[in-house]
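Have a look at the structure below before the remarks.
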Amino acid sequence: RGDVPAAGVQLNTSAQQLLYASSIGVSGLSLAVLALALHALSRRRVDERTRLVAIALACLGTPLYAYATSFYGHVPAAALLTAALEALDPRAPRARLPLAGFCLGAAVGCEYLTAVPGAVLASFAVLHGPRDARARRVSELALGALAPVLVLAGYHQLCFGAPWLTGYSHLANPEFVSGHQRGLLGIGLPTLEALVGLLVSPRRGLFVVAPVAIVGVVGLVVAARHGAIRDASAGPPEEPIPPPDRLPAVALAALVALFLANAGYYMWWGGAAIGPRHLVPMLPALALGIAQAWSWPRARPWVAALGVLSIGLVLALTAVGLEAPESGNVLFDYALARLSRAEVSALPSATNLGLLLGLPPLLSLVPWFVWLVLVGRVLWIRSAP
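Counting from 1 along the sequence shown, just add 160 to a position and that's the residue number in our numbering.
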């Protein structure tokens, strides 16, 4: 109903429980699938302990974890893009182009903006290999993408009247209508405000809410430049390194492409959100960079310190709720301020396992912390060289 503002809609108990189950069953499960895909990628490149550190910090120390606790499409899209990257891995026994095509098409169905990094991955899939095989590679990608594209087109037909129309075609808010008339669906050239804001602004900056992302970006650039993730535990690398590992460069290119598209979006900050939520689908690429940084013994204390800090900040932001104000310092004015008043779950419909068990707000975070320590300790011991 157009006369009922969405902010005024309250969920009853049954709807809240259904939303909680949906968040766990879709977004939470997607994070687990994402971690498995990262494990397959990194297994071909680094030792077991490095894999553990890289995957844990990428999944728990960035907004990936925060959005895995709520019914958003960002983490499912991230899982699908990561699975596509794994299916295209040059170090895998063979490329699985239909699977990659399916994942890329389904990712767009979760988040339209993933078409940008998806195009980078699709281009790599086509261009990697002999020239005379490119037509076949295109057909295999298209065959895999056919089913999710048809499902998405059918959804658009039923809901919005045509396969090429989306929900953005029926916006009512004048600000949103005006914004989406700029460029292509609201995306134009990147602005300096957005480029800086997405990284370091106290409002939405990735490096502010997840400092370990700095390590991930630097490590990814180094790995892309050298054509390999240098595994220090394996000793000095052979010279030359055969063959060059193109995956870090492809992952970096896809991440940069999404970053530039996000910086060109009229509402680059993502509305009421924590961190740059539109970048979430490509944040798994940071795991490759973190693995590279961890392979340098002198950098490990810094990686560990920034990782622990990032996990703490992401937990604080997740505990108070993902719908942060559109202005102010997201850490001090929102997350830490609310936690100092023992205010957990800003929205009435938001909850966590501890709250469901009847624990007070701050104590409701204890089950998560206990799980993190116990599971982390077990995995650390099992990953010993």
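Using N, Cα and C, we set each Cβ at its ideal position, and we do this for glycine too.
All figures in this text were calculated on a predicted structure; none of them were measured in a lab.
How many angstroms separate the CA atom of residue i from the CA atom of residue j?
i, j, result
"A214", "A332", "43 Å"
"A218", "V377", "11 Å"
"L366", "V360", "6 Å"
"A192", "T242", "12 Å"
"G339", "A423", "14 Å"
"E246", "A239", "10 Å"
"A392", "R542", "Only weak support is given to the placement of A392: the predicted model assigns it a pLDDT of 49, under 50, and the value that follows is read from those uncertain coordinates. If I take the Cα positions, the gap works out to 19 Å."
"R385", "V286", "22 Å"
"A322", "Y315", "9 Å"
"F336", "M427", "9 Å"
"A544", "Y180", "36 Å"
"R205", "V410", "15 Å"
"V369", "S470", "7 Å"
"V356", "L345", "22 Å"
"R294", "P250", "16 Å"
"F231", "A275", "20 Å"
"R458", "L407", "25 Å"
"H330", "A447", "38 Å"
"R209", "L198", "14 Å"
"G343", "A421", "11 Å"
"L264", "S299", "14 Å"
"G431", "R498", "19 Å"
"P308", "A260", "12 Å"
"G162", "L522", "Here G162 scores only 44 on pLDDT, less than 50, and its place in the model should not be relied on; the value that follows carries that caveat. For G162 and L522, the distance between alpha carbons rounds to 38 Å."
"Q177", "F492", "31 Å"
"E486", "A354", "14 Å"
"F320", "Q341", "18 Å"
"G327", "W429", "20 Å"
Could you give the first and the last residue of the continuous alpha helix (DSSP H) run that contains residue i?
i, result
"W454", "L446 to W454"
"P258", "L257 to C270"
"W428", "Counting along the chain, W428 falls outside any alpha helix (DSSP H), and DSSP gives it neither H nor E."
"P236", "H234 to A247"
"F492", "Note, F492: premise wrong, no alpha helix (DSSP H); not H, not E."
"S183", "That residue, S183, is in no alpha helix (DSSP H); it is neither H nor E in DSSP."
"S524", "That residue, S524, is in no alpha helix (DSSP H); it is neither H nor E in DSSP."
"R211", "E208 to L220"
"F121", "Summary: the structure shown does not reach residue 121, with the chain confined to residues 161 through 545, and so no result is reported for it."
"A200", "L189 to R203"
"V381", "V372 to H386"
"Q317", "R294 to F320"
"N422", "L407 to A423"
"R342", "Run containing R342: none; DSSP gives neither H nor E here."
"T478", "R460 to V480"
"P277", "A275 to L287"
"G357", "L352 to V360"
"L366", "L366 to V369"
Among the options, which one has its Cα closest to the Cα of residue i?
i, options, result
"L325", "Y272, L349 and V368", "Y272"
"P223", "L349, A421 and V235", "V235"
"A252", "P277, R203 and S230", "R203"
"Y149", "G261, A497, P444 and R537", "What is shown of the chain runs 161 to 545, which leaves residue 149 out entirely."
"L496", "L448, L519, S487 and G472", "G472"
"Y494", "A433, L349, A200 and S174", "A433"
"L477", "A465, W454, R460 and E503", "E503"
"A373", "S524, L466, W531 and L522", "L466"
"S182", "Y225, T229, L198 and A216", "T229"
"P362", "A388, Y225 and G435", "G435"
"A244", "L301, F492 and L220", "L301"
"L352", "Y425, C319 and L523", "Y425"
"L475", "A216, L525 and C319", "L525"
"V535", "L178, A216 and D207", "A216"
"W456", "A175, V375 and F320", "V375"
"V490", "F320, P334 and R364", "R364"
"A267", "P527, D292 and A237", "A237"
"D207", "W528, W454 and W429", "W454"
"L532", "L220, L194, A175 and S174", "L220"
To the nearest whole angstrom, what separates the beta carbons of residue i and residue j, a pair I think is in contact under 8 Å?
i, j, result
"W540", "L196", "At roughly 19 Å, the Cβ-Cβ gap does not stay under 8 Å, so W540 and L196 are not in contact."
"L312", "G269", "4 Å"
"A383", "Q452", "4 Å"
"F262", "A305", "6 Å"
"L412", "V381", "7 Å"
"P404", "A388", "7 Å"
"L248", "F284", "6 Å"
Less than 8 Å between CB atoms is the rule here; does residue i satisfy it with respect to chain C?
i, result
"L532", "The structure shown contains no chain C; it holds only a single protein chain."
Mind checking whether the beta-carbon of residue i lies closer than 7 Å to any heavy atom of the ligand GDP?
i, result
"Y227", "Of the ligands one can find in the structure shown there are none, so the ligand GDP has no counterpart to examine."
When the Cβ atoms of the region 256-263 are set against those of the region 478-487, are three or more pairs found closer than 8 Å? Using a Cβ-Cβ distance cut-off of 8 Å, the region 256-263 and the region 478-487 are not in contact, since fewer than three pairs of beta carbons, one from each stretch, lie closer than that value.
Would the region 427-442 count as touching the region 183-202 if we require 3 or more Cβ pairs under 8 Å? no
Is there contact here, the region 409-419 with the region 273-284, by at least three beta-carbon pairs under 8 Å? In the pairwise beta carbon analysis, the region 409-419 is classified as touching the region 273-284: at least three pairs are separated by under 8 Å.
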